[in-house]
Amino acid sequence: MSTNSETTHENVKTDSAVAQTETTHDELVKDSPLHTDHGITTIAEQVVQKVAGMACREVMGVHAMGSAGRRMLSSLTERIPGSSTNVSGGVSVEKGERQTAIDVSIIVEYGFSVVEVANEIRKNIIEAVEYATGLEVVEVNVAISDVHLPGDAHDDEDVEAEAPSVKPRRETTLA
């Protein structure tokens with residue numbers, strides 16, 4: 001059985017630990033370039049996705065991003081009037097107040113070192129996202145879903161997805 005002084009002492013320890021945690025969090029947030037004396041800047045996950053997607057596409061050896069199904073869906077939605085190119089396909093992001101983690105899925109061109117391409121992707125994404133957003137990139141995970149071979153069937157799928165064949169309706173004439 002504890003006495004009142006022991007209970008009070010335990011409460012003080014807990015309150016002290018909470019206060020230290022809050023102070024540490026507040027200090028970390030204040031150190032962020034997104035928090036200034038004049039206001040706070042918030043960045044949506046899709047901003048990080050787009051910056052990371054563009055940075056990934058700049059790397060030599062990246063044939064495409066995302067799975068074949070995802071690429072086909074993107075090519076169809078891009079055909080809708082007023083829609084834009086989806087640069088964030090194949091990119092997923094977890095974002096906090098100061099940090100972000102990024103996952104990308106790519107298809108590598110045959111003839112390129114998968115390891116070197118993945119390392120260049122990491123380097124390029126980290127530089128681009130940290131510069132553009134002020135967020136610290138804590139990790140970039142690269143999933144290689146395929147290797148594109150010259151004359152690969154993926155070329156045929158991409159062409160079919162980009163230019164679907166639509167037969168015009170036949171007009172019938174009455175005699």
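Read in the UniProt record's numbering, the sequence shown has 168 at position 168, and its numbers run on one by one without any break. Don't be surprised by glycine CBs; every beta carbon is placed ideally from N, CA and C.
Please name the residue or residues paired with D103 in a DSSP beta bridge. S92 and N141
Whether or not the stretch 50-66 and the stretch 126-142 are in contact is what I'm after, with contact meaning three or more pairs of Cβ atoms, one per stretch, closer than 8 Å; do they touch? yes
Judging by CA-CA distance, which residue of E120, M65, T133 and M60 is the nearest neighbour of T41? T133
Where does the unbroken beta strand (DSSP E) through M65 begin, and where does it stop? V62 to M65
Proximal residues to V87 (C-beta, below 6 Å), its chain only, five neighbours per side dropped: K50, G53 and M54
Would you decide whether T100 is buried or exposed? Buried here means 16 or more other CB atoms lie within 10 Å of its CB. buried
Sort out for me which residues DSSP pairs H148 with in a bridge. E109
I need the straight-line Cα distance from G39 to R98, nearest angstrom please. 15 Å
Considering only DSSP beta bridges, list what T133 is partnered with. T133 is not bridged to any residue.
Please determine, among V147, V138 and E94, the residue with the shortest C-alpha to C-alpha distance to R122. V138
Under 8 Å between C-beta atoms of V108 and V147: yes
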